[in-house]
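A.B. asks:
Number of protein chains: 4
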Amino acid sequence: MDPYQHCVHYYETDKMGIVHHSNYIRWMEEARVYVLAQVGWPFEKLESMGIASPVLSVECRYKTACAFAETIFITVKLEELQGVRLRLAYEMRNAAGKLVCEGSTEHCFLGENGRPLRLTRDLPEFCEALQQLA
Amino acid sequence: MDPYQHCVHYYETDKMGIVHHSNYIRWMEEARVYVLAQVGWPFEKLESMGIASPVLSVECRYKTACAFAETIFITVKLEELQGVRLRLAYEMRNAAGKLVCEGSTEHCFLGENGRPLRLTRDLPEFCEALQQLA
Amino acid sequence: MDPYQHCVHYYETDKMGIVHHSNYIRWMEEARVYVLAQVGWPFEKLESMGIASPVLSVECRYKTACAFAETIFITVKLEELQGVRLRLAYEMRNAAGKLVCEGSTEHCFLGENGRPLRLTRDLPEFCEALQQLA
Amino acid sequence: MDPYQHCVHYYETDKMGIVHHSNYIRWMEEARVYVLAQVGWPFEKLESMGIASPVLSVECRYKTACAFAETIFITVKLEELQGVRLRLAYEMRNAAGKLVCEGSTEHCFLGENGRPLRLTRDLPEFCEALQQLA
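Protein chains in written order, with the working numbering: chain A, 4 to 137; chain B, 4 to 137; chain C, 4 to 137; chain D, 4 to 137.
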């Protein structure tokens, strides 16, 4: 799968002259939305099934600063999928191939009654689709 | 009524070293939320009545740049209230009293059926409370 | 010139379930950056010449709400270019062609001494390039 | 030291009706700015000394969703200070005292030549002040 591409916006920079660190968390979401759509499970599909998917945790290790107008290439990998929890890993590189940052997010999926779904049991097709990110 | 105070966050600056212009639109919302609560009509009250209040327009004229950690004082005035439309005006000043920007927003109010409410007829108490901003 | 395309991010929505009105101001900047690059004058070029270009004003009239994952098409037109001031107009449409919002921004351009440049006199090539947006 | 207080803004919510997870990263920065000023080392002081302090990593574990208009109380603790690295831990609670999220950030400090400072050797007074957060 092709990496998701994000072009750095002016409003994403801060007075240090580079991208503010909080924006990478948003780019992870952009990349996640993109790859889920690519494997046939856009967010809207889960939402139309009455499923909410809160973020349980995020972490991000910054390696190289990004500047305005740079294009950043983001790959998303399935890191863990068991019980009620999905863990995705992200790698961001700039156009020169240099590592910009690495991160991960954890998610659960809540059914209409608000209770966490057991992923392999309750969403087998979703789990199968996610294997494309393994 | 005391002006609403906003202390400039680091993440609100951009690579020009000053506050990015889009943030003033958010500060207008912060100030609007504050004054509506002050006059007894917090957003939550309107929402609990099933009333949505979309923004119809915004405009902002920038006069003086704001720097990180500055405190900005924002006053909100009722500019127009007739038919289905509310117009609020905003004035932002820095600690030295210098004009930072002027702006305005227009709003309508939609009932549960999604139709615009005639403000003085359908929300007379709200309109009366808003006179405190005149 | 092709319109600039922005795909609505999840983090751009608010609790009304639609895009928060402040984000359109950022999309105008995205579109402006895009068209200036298209006509051969990327922001970086102005910045490398020591020219800063503060935003003097913005205004935006919201017509149709945007939802998560929609693609919005933004066209930018030169509305005024005289003295020290540039005014651009923006039109945003959704995939169905429906008008999402209309807006405008005003800009001046400051030389290295911090004084406003007279555009047609001090930046004739820039002005010529901008005619492509007329 | 009193916890830093953040009142949730409307624009910080997303279409799930609660605060978007990326904003907590920004609140950590707000709280960090606040406590550093409290201990006598506002960001501006470091910047005026020619010291930049990039964020090396962030992580955040979300426990309880936050709603619009809630006040969140954020405490910052010194978790590690050795070599070139500072690690701060954050705990956010709502007005009912319920844990909202826990997180941490790592920072280094770059001198004017762009090289990382050894904190206890190069910034002893800063390190001493940070002990108030231990």
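Virtual Cβ for every residue (Gly too), placed ideally from N, Cα, C.
1. For residue 18(B), count neighbouring C-beta atoms within 10 Å of its own C-beta (all shown protein chains included) and say buried if the count is 16 or more, exposed if not.
2. Any beta carbon from chain C within less than 8 Å of residue 23(D)'s own beta carbon?
3. From this set, 92(A), 84(A), 115(A), which residue's C-alpha is nearest residue 104(A)'s C-alpha?
4. Quick check: is the beta carbon of residue 106(C) nearer than 8 Å to any beta carbon in chain D?
5. Do the stretch 48-57 of chain C and the stretch 26-41 of chain B touch if we need at least three Cβ pairs shorter than 8 Å?
6. Taking the alpha-carbon positions, what's the residue 109(B) to residue 21(B) distance?
7. Look up residue 42(D) in the DSSP assignment and say whether it is helix, strand or coil.
8. Report buried or exposed for residue 118(C), applying the criterion of at least 16 other Cβ atoms within 10 angstroms of its Cβ.
9. Can you list, in chain order, the residues of its chain whose CB lies under 6 Å from that of residue 78(B), leaving out five sequence neighbours each side?
10. My guess is that residue 130(D) and residue 102(D) are in contact by the Cβ rule of under 8 Å, so how many angstroms apart are they, rounded?
11. Starting from residue 131(A), trace the beta strand (DSSP E) both ways and give me its first and last residue.
12. Tell whether a beta-carbon distance below 8 Å holds between residue 24(A) and residue 36(D).
13. For residue 108(C), name the three-state secondary structure that DSSP assigns.
14. Using CA atoms only, rank isn't needed, just tell me which of 30(D), 12(D), 53(D), 62(D) is closest to residue 114(D).
15. Taking any Cβ of chain C, which residues in the stretch 47-69 of chain A have a Cβ under 7 Å from it, in chain order?
16. Using the beta-carbon count (16 or more within 10 Å), is residue 67(B) buried or exposed?
17. Helix, strand or coil, according to DSSP, for residue 92(C) in the structure here?
18. Shorter than 7 Å, the distance from the beta carbon of residue 99(C) to the closest heavy atom of the ligand GDP, or not?
19. What is the DSSP secondary structure of residue 118(C), reduced to helix, strand or coil?
20. Between the C-alpha atoms of residue 11(A) and residue 4(D), what's the straight-line distance to the nearest angstrom?
21. Determine whether the Cβ of residue 109(B) lies closer than 8 Å to any Cβ atom of chain D.
22. Which of helix, strand or coil does DSSP assign to residue 78(C)?
23. Say whether chain A places a C-beta atom closer than 8 Å to the C-beta of residue 12(C).
24. Quick one: which chain B residues come within Cβ less than 9 Å of residue 29(C)?
25. Can you tell me which of 45(B), 13(B), 26(B) puts its alpha carbon nearest to the alpha carbon of residue 34(D)?
26. Just to confirm my understanding: we take residue 135(D), look at its own chain, exclude 5 residues before and 5 after, and list those with CB closer than 6 Å. What are they?
27. What are the partner residues of residue 60(C), as DSSP defines its beta bridges?
28. Taking 8 Å as the threshold (beta carbon to beta carbon), is residue 19(C) in contact with chain B?
29. Do residue 56(A) and residue 63(D) have their C-beta atoms closer together than 8 Å?
30. Compute the beta-carbon to beta-carbon distance between residue 28(A) and residue 28(D), rounded to the nearest angstrom, for a pair I have assumed lies under 8 Å.
31. Can you pull out the residues from the stretch 111-136 of chain C whose beta carbon lies closer than 8 Å to at least one beta carbon of chain A?
32. Cα-Cα, which of 126(C), 86(C), 96(C), 125(C) is closest to residue 30(C)?
33. In chain order, what residues of the same chain have a beta carbon less than 6 Å from the beta carbon of residue 112(C), not counting five sequence neighbours either side?
34. If I measure Cβ to Cβ from residue 90(C) and keep anything under 7 Å in the same chain, skipping five residues before and after, which residues do I get?
35. Going by other Cβ atoms of all chains shown within 10 Å of its Cβ, with 16 needed for buried, is residue 16(A) buried or exposed?
36. For residue 69(D), tell me which candidate among 132(D), 98(D), 133(D) has the shortest Cα-Cα distance.
C.D. replies: Working from what's here:
1. For the purposes of this step, residue 18(B) is taken as the residue at position 15 of the second sequence. By the neighbour-count rule (16 or more Cβ atoms within 10 Å), residue 18(B) is buried.
2. By one-based count along the fourth sequence, residue 23(D) stands at place 20. Yes, contact with chain C.
3. As a first step, residue 104(A) is located in the first sequence; it is residue number 101 there, counting from the start. Among 92(A), 84(A), 115(A), the Cα nearest to that of residue 104(A) belongs to 92(A).
4. On the third sequence, residue 106(C) is found 103 positions in, with the first residue counted as 1. No - not a single Cβ of chain D is within 8 Å of the one on residue 106(C).
5. Between the stretch 48-57 of chain C and the stretch 26-41 of chain B, the count of Cβ pairs shorter than 8 Å is below three; the stretches do not touch.
6. Taking the first residue of the second sequence as position 1, residue 109(B) is located at position 106. Taking the first residue of the second sequence as position 1, residue 21(B) is located at position 18. In a straight line, the C-alpha of residue 109(B) is about 27 Å away from that of residue 21(B).
7. Locating residue 42(D) in the fourth sequence gives position 39, where the first residue counts as 1. Coil.
8. On the third sequence, position 115 is the one that residue 118(C) refers to. Residue 118(C) should be labelled exposed.
9. To locate residue 78(B), count along the second sequence from 1; it is residue 75. Within the same chain, residue 78(B) has close Cβ partners 6, 94.
10. As a first step, residue 130(D) must be located in the fourth sequence, where it is residue number 127. As a first step, residue 102(D) must be located in the fourth sequence, where it is residue number 99. Between residue 102(D) and residue 130(D) the Cβ distance is about 29 Å, and since that is not below 8 Å, they are no contact.
11. By 1-based counting over the first sequence, the position of residue 131(A) is 128. Here residue 131(A) belongs to no beta strand (DSSP E); instead the alpha helix (DSSP H) covers 127-133.
12. Taking the first sequence and counting its residues from 1, the one referred to as residue 24(A) is at position 21. Taking the fourth sequence and counting its residues from 1, the one referred to as residue 36(D) is at position 33. No, the Cβ-Cβ distance between residue 24(A) and residue 36(D) is not below 8 Å.
13. Within the third sequence, residue 108(C) is the residue found at index 105, counting from 1. Under the three-state reduction of DSSP output, residue 108(C) falls in the strand class.
14. On the fourth sequence, position 111 is the one that residue 114(D) refers to. The candidate whose alpha carbon is nearest that of residue 114(D) is 53(D).
15. 47
16. Start at 1 with the first residue of the second sequence, and residue 67(B) comes out as number 64. It counts as exposed.
17. Sequence index remark: in the third sequence, residue 92(C) carries index 89 (1-based). Strand, per DSSP.
18. The ligand GDP is absent from the structure shown, which contains no ligands of any kind.
19. The sequence position of residue 118(C) within the third sequence is 115, counting from 1. Correct three-state label for residue 118(C): coil.
20. To locate residue 11(A), count along the first sequence from 1; it is residue 8. To locate residue 4(D), count along the fourth sequence from 1; it is residue 1. Using only the alpha carbons, I get a separation of about 38 Å.
21. Locating residue 109(B) in the second sequence gives position 106, where the first residue counts as 1. Residue 109(B) does not count as touching chain D.
22. The residue labelled residue 78(C) in the question sits at position 75 within the third sequence. The answer is strand: DSSP assigns residue 78(C) an E or B state.
23. On the third sequence, position 9 is the one that residue 12(C) refers to. So, interface residue.
24. Within the third sequence, the letter at position 26 stands for residue 29(C). By Cβ distance, chain B contributes 23, 25.
25. The residue labelled residue 34(D) in the question sits at position 31 within the fourth sequence. The shortest Cα separation from residue 34(D) among 45(B), 13(B), 26(B) belongs to 13(B).
26. Within the fourth sequence, residue 135(D) is the residue found at index 132, counting from 1. 42, listed in sequence order.
27. The residue labelled residue 60(C) in the question sits at position 57 within the third sequence. DSSP, once it has assigned bridges, lists 64(B), 109(C) as partnering residue 60(C).
28. Residue 19(C) sits at position 16 when you count from the first residue of the third sequence. So yes, residue 19(C) belongs to the interface.
29. Here residue 56(A) corresponds to residue number 53 of the first sequence, with the count starting at 1. Here residue 63(D) corresponds to residue number 60 of the fourth sequence, with the count starting at 1. It is not a contact, given that the beta carbons lie outside the stated cut-off.
30. Along the first sequence, one-based indexing puts residue 28(A) at 25. Along the fourth sequence, one-based indexing puts residue 28(D) at 25. At roughly 6 Å, the Cβ-Cβ gap stays under 8 Å, so residue 28(A) and residue 28(D) are in contact.
31. Those would be none; no residue qualifies.
32. The sequence position of residue 30(C) within the third sequence is 27, counting from 1. Among 126(C), 86(C), 96(C), 125(C), the Cα nearest to that of residue 30(C) is on 96(C).
33. Residue mapping note: residue 112(C) aligns to position 109 of the third sequence, counting from 1. Excluding positions up to five away in sequence, the list reads 54, 56, 120.
34. Here residue 90(C) refers to the residue found at position 87 of the third sequence. These residues qualify, in order along the chain: 82, 83, 107, 109.
35. As a first step, residue 16(A) must be located in the first sequence, where it is residue number 13. Residue 16(A) is buried by the Cβ-count criterion.
36. On the fourth sequence, residue 69(D) is found 66 positions in, with the first residue counted as 1. Of 132(D), 98(D), 133(D), the residue nearest in Cα terms is 98(D).
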